[in-house]
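**Q** In our numbering, the protein residues as written are 2 to 433. All C-beta atoms in this analysis are idealised placements derived from N, C-alpha and C, irrespective of residue type, glycine included.
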């Protein structure tokens, strides 16, 4: 699977001057009863400064905490400046709200933290907003062709209601860069390489350019793609030594590596080389899963993408999807039973954004209990992305990212794919 080749966007987006970094949400310790009236005022943001989050009270629904599994009846969530000030039962918090703050009434509905898509390809502002509308308020890029994800990360910083909080991966470290070689002038000399990006020097160079452009993580592969009928996903393109070179270069910049993989040998080589998370991994075996548990390596199976292959009009891809999906489901269940950390990711690309809730449904279909499936798109994925104290829960000091759904997600996970309302950093946006 993974990113489709897309043309470079026009204008400044491809220039080296794209800003890097996501804004750190400011925590707060004041309780609801002490909220100051002026908290609802929103100062104008200057150019280059992070946009301030919104103020909002969500009240009346059942609040689910994915960490504990606790369900709070008649809950109130108070968000000031994009950060949760208080969350809990109305009786404990009282009835006072900050003056002038909008109220989102969720009576008869369920309230959850915004979901996390740990593998998505966002190439445009429209795709970024669509991801938010479909419930993904935080995400990790699976790479883009021309550093669009670095700019999407900045969009999320300046206008959080328009994009998920994002970890950018920059460009794919892959043998054939194709048109991506035009993403940065410092990559162009690699066009002279007869065998592509395979030598240690070339591998380090692509990682270094990514780091210079502000990538938060590095994306590479060990196998060919499943989404191209002319490729064989079980063919290995990088060996253990090459993968180790990529991991070492990323670590020198303080970054981890996510690795596209399918074959058992490829998965094992990637894990033992030190990657942070294994992507797809349909044929990962018990030996490798046990090594992942020992190392704390995450598994992001992207079941949604593999299920999508089964619906392809191309007979090769359709057969591949039908063959791989049950194998991958068994691998997901085995990983869960062994204690391998799982993260939900859709691998959405090519202009289509799949709801992250669908991935949670497929995790459940693979055998995970409903609450554990929800955790793969909340607390689990948030921890993988380094958002463990920011996303994945609605508790004081966490981001004001909320999903309001029309049913009990513990009884019907399908409601996660049909959010009634999404709140991103305190801004209520209409559901898709």
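(1) In whole angstroms, give me the CA-to-CA distance for residue 366 and residue 306.
(2) Between the alpha carbons of residue 313 and residue 301, how many angstroms are there, rounded?
(3) Return the Cβ separation of residue 60 and residue 104 in integer angstroms, given the expectation that the two are a contact with Cβ distance under 8 Å.
(4) Starting from residue 358, follow the alpha helix (DSSP H) in both directions and report where the run begins and ends.
(5) Using 8 Å as the threshold, is the C-beta distance between residue 174 and residue 401 below it?
(6) Could you have a look at residue 89 and say whether DSSP puts it in helix, strand or coil?
(7) One question on the structure: do residue 242 and residue 232 come within less than 8 Å of each other, judged by their Cβ atoms?
(8) Check residue 278 in the structure and name its three-state DSSP category.
(9) For residue 236 and residue 285, I'd like the C-alpha separation in whole angstroms.
(10) Which residues does DSSP list as the beta-bridge partners of residue 60?
(11) Assign residue 333 to one of three DSSP states: helix, strand, or coil.
(12) Quick check: the Cα distance between residue 414 and residue 297, rounded to an integer number of angstroms?
(13) Using only alpha-carbon positions, find the residue among 157, 222 and 112 that is nearest to residue 403.
(14) Here's the rule: buried if 16 or more other CB atoms are within 10 angstroms of the residue's CB, otherwise exposed. What is residue 108?
(15) Can you list, in chain order, the residues of its chain whose CB lies under 6 Å from that of residue 349, leaving out five sequence neighbours each side?
(16) Residue 138: buried (16+ other C-beta within 10 angstroms of its C-beta) or exposed?
(17) Who does residue 220 pair with in a DSSP beta bridge?
(18) How far does the alpha helix (DSSP H) with residue 373 in it extend, from its first residue to its last?
(19) Which word fits residue 195, buried or exposed, when buried means at least 16 other C-beta atoms lie within 10 angstroms of its C-beta?
(20) Scan the stretch 385–430 and note each continuous beta strand (DSSP E) run of 3 residues or more that stays entirely inside, going in chain order.
(21) Assuming residue 394 contacts residue 165 (C-beta within less than 8 Å), just tell me the rounded distance between them.
(22) Any chance you could list the beta strand (DSSP E) runs of at least 3 consecutive residues sitting entirely within the stretch 155–236, in chain order?
(23) In whole angstroms, what separates the C-alpha of residue 54 from that of residue 159?
(24) Does the CB of residue 196 have a neighbour CB from chain C at under 8 Å?
(25) Indicate the three-state DSSP secondary structure (helix, strand or coil) for residue 100 in the structure shown.
(26) If you draw a straight line from the C-alpha of residue 79 to the C-alpha of residue 255, how long is it?
(27) Using C-beta distances below 6 Å, list every residue in its chain close to residue 77, excluding the 5 sequence neighbours before and after it, in chain order.
(28) Cutting at 6 Å between CB atoms, please list the residues of its own chain near residue 22, excluding the five before and the five after it.
(29) In its own chain, which residues sit with a C-beta less than 8 Å from the C-beta of residue 238, not counting the 5 before and 5 after it?
(30) Residues in the same chain with beta-carbon distance under 7 Å from residue 323, minus the five sequence neighbours each way, listed in chain order, please.
(31) For the alpha helix (DSSP H) containing residue 127, name the first residue and the last one.
(32) Excluding the 5 residues preceding and the 5 following residue 248 in the sequence, name in chain order all residues of the same chain whose CB lies nearer than 7 Å to its CB.
(33) Can you tell me whether residue 101 is buried or exposed? The criterion is at least 16 other CB atoms within 10 Å of its CB, across all chains shown.
(34) Which residues does DSSP list as the beta-bridge partners of residue 140?
(35) Identify, in the order they occur along the chain, each residue of the same chain with its Cβ nearer than 6 Å to the Cβ of residue 368, setting aside the five sequence neighbours on each side.
(36) So, using beta-carbon positions, are residue 64 and residue 88 closer together than 8 Å?
**A** Taking the geometry as given:
(1) Taking the chain shown and counting its residues from 1, the one referred to as residue 366 is at position 365. Taking the chain shown and counting its residues from 1, the one referred to as residue 306 is at position 305. Near 15 Å, if we compare the C-alpha coordinates of residue 306 and residue 366.
(2) The residue given as residue 313 occupies position 312 in the chain shown. The residue given as residue 301 occupies position 300 in the chain shown. Their Cα atoms are separated by approximately 22 Å.
(3) Indexing the chain shown from 1 puts residue 60 at position 59. Indexing the chain shown from 1 puts residue 104 at position 103. Yes, they are in contact, since the Cβ atoms of residue 60 and residue 104 sit about 6 Å apart, within 8 Å.
(4) Against the chain shown, residue 358 aligns to sequence position 357. Run containing residue 358: 357–366, per the alpha helix (DSSP H) assignment.
(5) For the purposes of this step, residue 174 is taken as residue 173 along the chain shown, with counting starting at 1. For the purposes of this step, residue 401 is taken as residue 400 along the chain shown, with counting starting at 1. No, Cβ-Cβ distance for residue 174 and residue 401 is not below 8 Å.
(6) Stepping through the chain shown from its first residue, residue 89 is reached at position 88. Residue 89 falls in the strand class under three-state DSSP.
(7) The count along the chain shown starts at 1 and reaches residue 242 at position 241. The count along the chain shown starts at 1 and reaches residue 232 at position 231. Going by C-beta atoms, residue 242 is not nearer than 8 Å to residue 232.
(8) As a working note, residue 278 is residue 277 in the chain shown. Residue state, collapsed to three classes: strand.
(9) Counting from 1 along the chain shown, the entry for residue 236 is found at position 235. Counting from 1 along the chain shown, the entry for residue 285 is found at position 284. Going from the Cα of residue 236 to the Cα of residue 285 covers about 14 Å.
(10) The residue given as residue 60 occupies position 59 in the chain shown. Note: residue 60 sits in a beta bridge opposite 77 and 106.
(11) Within the chain shown, numbered from 1, the residue matching residue 333 stands at position 332. Helix.
(12) The residue given as residue 414 occupies position 413 in the chain shown. The residue given as residue 297 occupies position 296 in the chain shown. Taking the straight line joining both Cα atoms gives about 27 Å.
(13) What you label residue 403 is simply residue 402 of the chain shown in a count that begins at 1. Residue 403 has its Cα closest to that of 112, out of 157, 222 and 112.
(14) Taking the first residue of the chain shown as position 1, residue 108 is located at position 107. Exposed, because fewer than 16 other Cβ atoms sit within 10 Å of the Cβ of residue 108.
(15) Within the chain shown, the letter at position 348 stands for residue 349. If we look at residue 349 and ignore the five residues flanking it on each side, its Cβ neighbours are 121 and 355.
(16) Numbered from its first residue, the chain shown carries residue 138 at position 137. Under this definition residue 138 is a buried residue.
(17) The count along the chain shown starts at 1 and reaches residue 220 at position 219. According to DSSP, residue 220 bridges with 259.
(18) To locate residue 373, count along the chain shown from 1; it is residue 372. Unbroken alpha helix (DSSP H) run through residue 373: 371–376.
(19) Within the chain shown, numbered from 1, the residue matching residue 195 stands at position 194. With fewer than 16 other Cβ atoms within 10 Å, it is exposed.
(20) 403–406 and 422–425
(21) For the purposes of this step, residue 394 is taken as residue 393 along the chain shown, with counting starting at 1. For the purposes of this step, residue 165 is taken as residue 164 along the chain shown, with counting starting at 1. Contact flag wrong, Cβ pair sits at about 16 Å.
(22) 166–168 and 219–222
(23) Residue numbering aside, residue 54 sits at position 53 when the chain shown is read from its first letter. Residue numbering aside, residue 159 sits at position 158 when the chain shown is read from its first letter. Near 9 Å, if we compare the C-alpha coordinates of residue 159 and residue 54.
(24) Absent from the structure: chain C. Only one protein chain is present.
(25) Residue mapping note: residue 100 aligns to position 99 of the chain shown, counting from 1. It is coil, neither helix nor strand.
(26) Counting from one through the chain shown, the residue named residue 79 turns up at place 78. Counting from one through the chain shown, the residue named residue 255 turns up at place 254. Those two C-alpha atoms are separated by around 35 Å.
(27) Start at 1 with the first residue of the chain shown, and residue 77 comes out as number 76. Hits under 6 Å: 60, 91 and 94.
(28) Here the question's residue 22 lines up with position 21 in the chain shown. Residue placement at residue 22 is poorly supported in this model, since its pLDDT is 32, which falls under 50; the coordinates are not used for a value here.
(29) Taking the chain shown and counting its residues from 1, the one referred to as residue 238 is at position 237. These residues qualify, in order along the chain: 175, 176, 222, 223, 224 and 225.
(30) As a working note, residue 323 is residue 322 in the chain shown. For residue 323, where only same-chain residues beyond five positions count, the Cβ hits under 7 Å are 311.
(31) On the chain shown, residue 127 is found 126 positions in, with the first residue counted as 1. Run containing residue 127: 126–134, per the alpha helix (DSSP H) assignment.
(32) Sequence index remark: in the chain shown, residue 248 carries index 247 (1-based). So the qualifying residues of the chain are 258, 274, 275 and 276.
(33) Taking the first residue of the chain shown as position 1, residue 101 is located at position 100. So residue 101 ends up on the exposed side.
(34) Taking the first residue of the chain shown as 1, we reach residue 140 at position 139. Bridge partners of residue 140: 118 and 167.
(35) Against the chain shown, residue 368 aligns to sequence position 367. Around residue 368: 334.
(36) Position 63 of the chain shown, counted from the start, is the residue given in the question as residue 64. Position 87 of the chain shown, counted from the start, is the residue given in the question as residue 88. Yes, these two residues count as a Cβ contact at 8 Å.
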